[in-house]
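Numbering (the working numbering), first residue to last: 324 to 707.
Note that CB positions come from ideal geometry on N, CA and C, so glycine has one too.
Inspection log for the structure reproduced underneath, given as structure tokens.
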Ligand code: ADP
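Here it is as structure tokens:
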């Protein structure tokens with residue numbers, strides 16, 4: 324590969340109906356531009372090609388056109404890398420085919436990611452394009468953490484195992500937490516709680532992920548905005564046999580109409596907080612179910628890691644909801660965890676500690692930056 328002279332990376336996150344983009348300059352670690360093209364296929368933006376054209380136009384209007392020699396690479400977020408992709412990967416025709424072969428594992432996400440890749444490659448065929456996978460950071464899970472206890476032949480035939488997601492966020496936040504503590508990532512054990520609309524926990528030992536709460540798909544684990552997280556799998560048979568629901572209906576129920584939304588009719592923690600303030604017992608129960616699950620994972624990952632140096636909260640809920648942070652870690656002094664109420668109440672866009680001085684485990688709020696992480700990984704690859 325020819326080493327490119329530029330220092331800018333365009334990060335593309337192509338969803339089914341939207342494209343999010345950021346242009347980052349790796350020389351100074353600065354964000355030059357960012358934007359979102361929505362409602363693809365519904366109105367003026369006919370398809371992903373039109374959406375990317377719009378991205379190109381928006382950048383050109385700011386003097387940051389895609390034809391700039393400053394552009395070193397395009398970094399694409401790809402949700403599912405299966406067992407094959409454990410590192411950021413330079414995109415070739417063969418790589419695109421391999422990502423296509425993973426569509427059955429991520430039917431909602433990979434197709435849109437692939438479309439974004441294809442359109443971007445047409446736009447700048449000469450430019451290195453790098454796929455950064457949401458699953459990659461979790462590829463280090465020991466086999467006993469990645470395996471489900473089901474028949475091995477059946478599991479292997481269908482690729483059924485725990486892959487984990489939000490990997491770029493867990494990677495970034497675990498590293499940034501070590502930085503906040505003034506330590507090298509190899510020296511610290513961190514529990515990362517990524518609480519956005521989707522939510523996942525991970526146990527990171529010395530910079531290496533050893534367990535994570537999402538599994539074959541992003542449905543497993545924590546209670547989320549609209550996803551159930553962990554349930555007895557027999558619930559599905561029951562709803563099918565007794566409730567008469569189809570597979571697609573149950574899929575829709577557990578992914579889109581469950582979690583906080585299913586419990587109380589709202590999936591936004593701000594609205595739930597407001598309702599709780601008015602004494603709404605349904606909203607309170609949804610909050611309590613959410614927090615109870617979170618505590619269970621903190622306990623489980625404390626046992627998995629043996630020694631925990633830090634617990635880091637990130638993403639929309641983790642960064643903003645002092646109430647969730649306080650409730651999730653309340654009464655865990657026996658585990659060496661104590662949140663300081665005053666520090667926890669401070670609102671700030673910076674990484675910060677919220678633990679009490681006497682807390683053995685540091686508790687941190689660490690804003691995630693998945694785009695910067697994707698750009699860094701893509702840039703490192705094209706510079707190598
Ligand atoms: P996504 O998974 O879509 O990237 P985000 O990480 O942006 O999600 O998180 C979105 C969620 O963050 C919202 O649904 C909302 O519940 C929560 N959130 C955002 N701001 C606040 C706030 N000030 N207080 C509590 N929750 C918040």
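- Under the DSSP assignment, residue 535 falls in the beta strand (DSSP E) whose first and last residues are 531–535.
- Counted as a single uninterrupted DSSP element, the beta strand (DSSP E) harbouring residue 348 occupies residues 342–348.
- According to the DSSP assignment, residue 636 belongs to the beta strand (DSSP E) that extends over 633–637.
- Relative to the Cα of residue 443, the nearest Cα in the group 387, 401, 376 belongs to 376.
- Annotation: the segment 505–575 contains the following complete segments of the alpha helix (DSSP H) (minimum length 4 residues), in chain order: 557–564.
- Secondary structure at residue 362: coil, using DSSP grouped into helix, strand and coil.
- For the set 345, 385, 340, the Cα lying nearest the Cα of residue 435 is the one of 340.
- Apart from the 5 residues on each side of it in sequence, residue 521 sits with its Cβ closer than 6 Å to the Cβ of 541, 547 in its chain, given in chain order.
- The beta carbon of residue 365 is closer than 8 Å to those of 340 in its chain, skipping five residues each way along the sequence.
- Secondary structure of residue 432 (DSSP, three-state): coil.
- Annotated three-state conformation of residue 356 is strand, per DSSP.
- Around the C-beta of residue 610, 16 or more other C-beta atoms lie within 10 Å, and the residue is accordingly described as buried.
- Annotation: the continuous beta strand (DSSP E) that includes residue 685 extends over 685–688.
- In the three-state DSSP reduction, residue 655 falls in the coil class, being neither helix nor strand.
- By the Cβ criterion, the segment 554–561 is not in contact with the segment 528–539, since fewer than three pairs of Cβ atoms, one from each stretch, lie closer than 8 Å.
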